[in-house]
Amino acid sequence: MGTFGVVIASRNFLIIHLLFFQLGYGNHHESISMMSRKYIQLPSESNIGNKIEEKAKTQHVQAHDHMMSHMEKMDPNLMIFFTTNDLKVGKTMPIYFPKKDPSTTPPRLLPLQEASSIPFSLNHLPYLLNRFSFTPQSPQGSAMEDTLKQCESRSIIGETKTCATSLESMLDFARGAFGLEDEISVVTTTHLTNLRVSLQNYTILDVPKQILGPNKMMVACHTMPYPYLVYYCHYQVSENRVYKILLGGENGDKVEAIAVCHMDTSQWSRNHVSFSVLGIEPGTLPVCHYFPEQNLVWIPKSKYI
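If you count by mature numbering (1 follows the signal peptide of the UniProt record, and there is no 0), then the sequence shown holds residues -26 to -1, 1 to 279, one letter each, in order.
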């Protein structure tokens, strides 16, 4: 099966996505407190002039220290949100893309026959831990338990979900969402260079390409921490837009990112995590967010713009 690393970034990103449903539709008991109420830009050396007065230098250092202190308190996984007002060439914003650990072997997606031969149930957790040689108290064992619990939990109001343990099961779920007569296509964020740092300022380099218009269905699939590749796939009938955006990082990284914009937030709870990050109110602006690499967005091919 290969080495299994604890994919904390994947789990945190999934939790953020679940908050879109839990907080957006009134389920407040899963809410999280936020450390920031506004969008911040990471300090960049390119923003500092070579010839400035000593007083200005001092002020800059103080502001830099304050900003970095603020950043340290904020979960970097939350640096994925923006609004449709930001969808313009030249816009710079801090974005978090999880960095792969080169010391671990990425889990693989099993063929249906092999996946079907392995029980995927919380009731079989002792057997599964023994099979993959993890103890219940280990980080890997804890992550496996969390994944199984999340997969077996009831769907949030308005959500249809599944945990796909094979490509075939993921395709069946996506096709079922759109109707068997629809051809489907998948898009995902692609790193065009080796990612150097997870969190940095990115600038939009080209006009964002809209690949799915409003009032169209999409299925999002997020990787889960497990010894082999498991996708948490879900969808909800709502007004969304999907964009492909070319980003350039201040450290030289280039990313062809997939982002989803939720167009109508008027019925979302005021406790929604994105409102705290962006400093906006429900219904004022669409809320958008980037998808990390390996997370998939399925869309009907006939609707591809």
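Every residue, glycine too, gets a C-beta built ideally from N, C-alpha and C. Computed from a predicted structure; not experimentally measured.
Query	Result
In whole angstroms, what is the alpha-carbon distance linking residue 119 and residue 76?	25 Å
Take residue 155 as the anchor and find which of 162, 146 and 199 has the nearest alpha-carbon.	146
May I ask you to report which of helix, strand or coil DSSP gives residue 275?	helix
Which runs of the beta strand (DSSP E), 3 residues or longer, sit entirely within the segment 145 to 183?	158 to 162 and 173 to 178
According to DSSP, simplified to helix, strand and coil, what is residue 246?	coil
If residue 126 sits next to residue 96, beta carbons under 8 Å apart, how far is it from one beta carbon to the other, in whole angstroms?	6 Å
To which residues of the same chain is residue 273 closer than 6 Å at the C-beta, ignoring the five residues directly before and after it?	159, 186 and 192
For residue 61, which residues of its own chain have a beta-carbon under 6 Å away from its beta-carbon, when the five flanking residues on both sides are left out?	182
Considering just the uninterrupted stretch of the alpha helix (DSSP H) at residue 123, what are its terminal residues?	113 to 126
Any heavy atom of the ligand FAD closer than 7 Å to the beta-carbon of residue 118?	What this structure holds is no ligand at all, so the ligand FAD is not there to describe.
Is the separation between the beta-carbon of residue 239 and that of residue 257 shorter than 8 Å?	yes
Helix, strand or coil for residue 140 per DSSP?	strand
Please state if the CB of residue 53 and the CB of residue 173 are separated by a distance shorter than 8 Å.	yes
Who are the Cβ neighbours of residue 151 in its own chain at under 8 Å, not counting the five residues just before and after it?	134, 191, 193, 209 and 272
Going by C-alpha to C-alpha distance, which of 241, 220, 249 and 215 sits closest to residue 235?	215
When you compare the CB positions of residue 140 and residue 83, do they come within less than 8 Å of one another, or not?	yes
Are the beta-carbon atoms belonging to residue 266 and residue 163 less than 8 Å from one another?	yes
Might you give, ordered along the chain, the residues of its own chain that have their beta carbon closer than 6 Å to the beta carbon of residue 122, omitting 5 neighbours on each side?	96
Cutting at 8 Å between CB atoms, please list the residues of its own chain near residue 109, excluding the five before and the five after it.	103 and 115
What residue does the alpha helix (DSSP H) around residue 215 start on, and which one ends it?	Counting along the chain, residue 215 falls outside any alpha helix (DSSP H), though it belongs to the beta strand (DSSP E) covering 214 to 223.
For residue 251, which of helix, strand or coil comes out of DSSP?	helix
State the Cα-Cα distance for the pair residue 242 and residue 90, rounded to the nearest angstrom.	38 Å
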